[in-house]
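*Asks:* Note that full-length UniProt numbering has the sequence shown beginning at 1, numbered continuously upward.
Note that CB positions come from ideal geometry on N, CA and C, so glycine has one too.
This one's a predicted model, so the numbers in the text were calculated from it and none came from an experiment.
Please read through the structure below; I'll follow up with questions.
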Amino acid sequence: MIRINENYQKLQASYLFADIARRVREFQAQNPGREIIRLGIGDVTRALPPACIAAMHQAVDELASETTFRGYGPEQGYDFLREAIAEHDFRARGAEIAADEVFVSDGAKCDTGNIQEIFAADARVAVPDPVYPVYVDTNVMAGRTGTASDGRYPGLTYLECNAANGYVPRLPDQPVDLIYLCFPNNPTGATASRAQLQAWVDYARAHRALILFDAAYEAFIRDPALPHSIYEIPGAREVAIEFRSYSKTAGFTGVRCAYTVVPKSCLAWDAEGKAVELHALWNRRHTTKFNGVSYPVQRAAAAVYSPAGQIQVRELIDGYLKNAAYIREALGGLGFQCTGGDDSPYIWVNTGRDSWEFFDLLLQRAGVVCTPGAGFGRCGQGHVRISAFNSFDNVRTAMDRISAALK
Ligand code: MLT
């Protein structure tokens, strides 16, 4: 008799964004005439930068001729893209990352979810609260937790993020091995300073822990004082893996391209206490389970680093940041305490009431979809996340409707 992985029984019935999509579908079925504005899941709405489109077209044409055709590419990504990433995203900012430390993939969701399988089953895991649910659910699937009660899984260390600590967690007061950090943060939109990241890097070095640093929203940083990469922090090369994505940076949510950096100096220890390079383990995992991102998509990603691509991507993100500023201002004007939205596409709103109730209220009275904070963890209760990914017109209409609905 084939048995299931019992750990899956510990999960909530459906993934947060799938649950929200179902509720919105049901609402639409009951209210067929209502026009819905989606400020829920962080899915981009603007067209791809023309430089990416041109590069993709050219790559497709290359596939049409036997002389330039390409079959399987290197699992880790083509050199042209890995070199561009290492140069523009890291070395240009003073972070020493080599091209062969970059693993190109089809998404930061997949990578942040998959990375945990190279670590021990009994690794002690710390996650922020509120948290991007992928970090938690994938560790539940792997059996690193007990069964949840009151919204929390025994076996995980929750790092509370709230207005009092500026949504940057304090160091844990119990030992942990793996630490998930995300800045600019999903869902709160908060950012971390160099000094705050330095404290985490120092902690990881002192405790032989490892930081899994999700920087998927890095391109939204406009404050020149903020670090864009954990590798800008001295000592991070030994204790941090970083995840990046073109999804929000260049509108690739449907195109799929991302990457993970595993420095060769990043170590973990085997049962005998011998140090092992995580780069070798991730390379083994990647080459076994992944066959690379398609050639046209990697060419499109590389075009992000061209002079035209850089200008276009900045314009794209500036558009979403304009939305974010508008949302924050409008909700602040309605008396809500908000964070995020300056260097991030997310605005975290303290609603002062149950977050699913507030979600329903916005959907039913305003026809606006947000994400209930409680879906991101216990500390998210009482909040909602509003995403700036939409057209400015839709954002303005959504804010007018919310304002009218709450009067
Ligand atoms: C979000 O809305 O949190 C993100 O779009 C989810 C994701 O990137 O997987």
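With a Cβ-Cβ cutoff of 9 Å, do residue 20 and residue 368 count as a contact?
*Replies:* What you label residue 20 is simply residue 20 of the sequence shown in a count that begins at 1. What you label residue 368 is simply residue 368 of the sequence shown in a count that begins at 1. Their beta carbons are not under 9 Å apart, which means residue 20 does not touch residue 368 by this criterion.
*Asks:* When every heavy atom of the ligand MLT is checked, does at least one fall within less than 8 Å of the C-beta of residue 17?
*Replies:* Position 17 of the sequence shown, counted from the first residue, corresponds to residue 17. Because some heavy atom of the ligand MLT lies under 8 Å away, the Cβ of residue 17 counts as near it: yes.
*Asks:* Could you have a look at residue 161 and say whether DSSP puts it in helix, strand or coil?
*Replies:* Locating residue 161 in the sequence shown gives position 161, where the first residue counts as 1. Looking at residue 161 - three-state DSSP - the assignment turns out to be coil, as it is neither helix nor strand.
*Asks:* Taking the alpha carbon of residue 316 as the reference point, which residue from 388, 375, 262 and 8 has its own alpha carbon closest?
*Replies:* Taking the first residue of the sequence shown as position 1, residue 316 is located at position 316. Nearest option by C-alpha distance: 388.
*Asks:* Only counting runs of 3 or more residues, tell me where the beta strand (DSSP E) segments fall wholly within the segment 216-285, in order along the chain.
*Replies:* List check, beta strand (DSSP E) in window: 240-245, 258-261, 267-269 and 275-277.
*Asks:* From residue 346 to residue 42, what does the alpha carbon distance come to, in whole angstroms?
*Replies:* Here residue 346 is taken as the residue at index 346 of the sequence shown, counted from 1. Here residue 42 is taken as the residue at index 42 of the sequence shown, counted from 1. So the alpha carbons of these two residues sit roughly 8 Å apart.
*Asks:* Tell me the start and end of each unbroken beta strand (DSSP E) in the segment 39-127 that is at least 3 residues and wholly inside, in chain order.
*Replies:* Correct list: 102-105.
*Asks:* Look at the alpha carbon of residue 385 and the alpha carbon of residue 167, and state the distance between them as a whole number of angstroms.
*Replies:* Residue mapping note: residue 385 aligns to position 385 of the sequence shown, counting from 1. Residue mapping note: residue 167 aligns to position 167 of the sequence shown, counting from 1. Going by the C-alpha atoms only, they are around 14 Å apart.
*Asks:* Compute every distance between the C-beta of residue 43 and the non-hydrogen atoms of the ligand MLT, then say whether any falls below 8 Å.
*Replies:* In the sequence shown, the residue the question calls residue 43 occupies position 43. Within the cutoff, so yes.
*Asks:* Express the C-alpha separation of residue 215 and residue 243 in angstroms, rounding to a whole number.
*Replies:* Here residue 243 refers to the residue found at position 243 when the sequence shown is read from its first residue. Here residue 215 refers to the residue found at position 215 when the sequence shown is read from its first residue. In a straight line, the C-alpha of residue 243 is about 6 Å away from that of residue 215.
*Asks:* Report whether the distance from the Cβ of residue 108 to the nearest heavy atom of the ligand MLT is below 8 Å.
*Replies:* On the sequence shown, residue 108 is found 108 positions in, with the first residue counted as 1. It does: the Cβ of residue 108 is within 8 Å (strictly closer) of some heavy atom of the ligand MLT.
*Asks:* CB of residue 326 to nearest heavy atom of the ligand MLT: below 8 Å?
*Replies:* If you number the sequence shown from 1, residue 326 lands on position 326. No, since every heavy atom of the ligand MLT falls outside the 8 Å radius drawn around the Cβ of residue 326.
*Asks:* Sort 257, 121, 300 and 45 by Cα distance to residue 111 and report the nearest one.
*Replies:* Counting from one through the sequence shown, the residue named residue 111 turns up at place 111. The candidate whose alpha carbon is nearest that of residue 111 is 257.
*Asks:* Among 66, 222 and 260, which residue has its Cα nearest to the Cα of residue 285?
*Replies:* For the purposes of this step, residue 285 is identified with residue 285 of the sequence shown, where counting begins at 1. Looking at the Cα atoms, 260 is the closest of the given residues.
*Asks:* Is residue 387 near the ligand MLT, with its Cβ less than 8 Å from a heavy atom?
*Replies:* Residue mapping note: residue 387 aligns to position 387 of the sequence shown, counting from 1. Checking every heavy atom of the ligand MLT against the Cβ of residue 387, one is found closer than 8 Å.
*Asks:* Would you call the segment 145-160 and the segment 172-181 touching, i.e. three or more CB-CB distances under 8 Å?
*Replies:* Short answer: they touch.
*Asks:* With 16 other CB atoms within 10 Å as the buried threshold, where does residue 72 fall?
*Replies:* In the sequence shown, residue 72 corresponds to position 72, counting from 1. Answer is exposed; the Cβ neighbour count stays below 16.
*Asks:* How about residue 185 and residue 153: do their beta carbons lie closer than 9 Å?
*Replies:* For the purposes of this step, residue 185 is identified with residue 185 of the sequence shown, where counting begins at 1. For the purposes of this step, residue 153 is identified with residue 153 of the sequence shown, where counting begins at 1. Contact flag unset, no.
*Asks:* Tell me whether the beta-carbon of residue 190 lies closer than 9 Å to the beta-carbon of residue 339.
*Replies:* In the sequence shown, the residue the question calls residue 190 occupies position 190. In the sequence shown, the residue the question calls residue 339 occupies position 339. Contact flag set, yes.
*Asks:* Return the CA-CA distance between residue 292 and residue 75, expressed in angstroms with no decimal places.
*Replies:* The residue labelled residue 292 in the question sits at position 292 within the sequence shown. The residue labelled residue 75 in the question sits at position 75 within the sequence shown. Approximately 4 Å between the Cα atoms of the pair.
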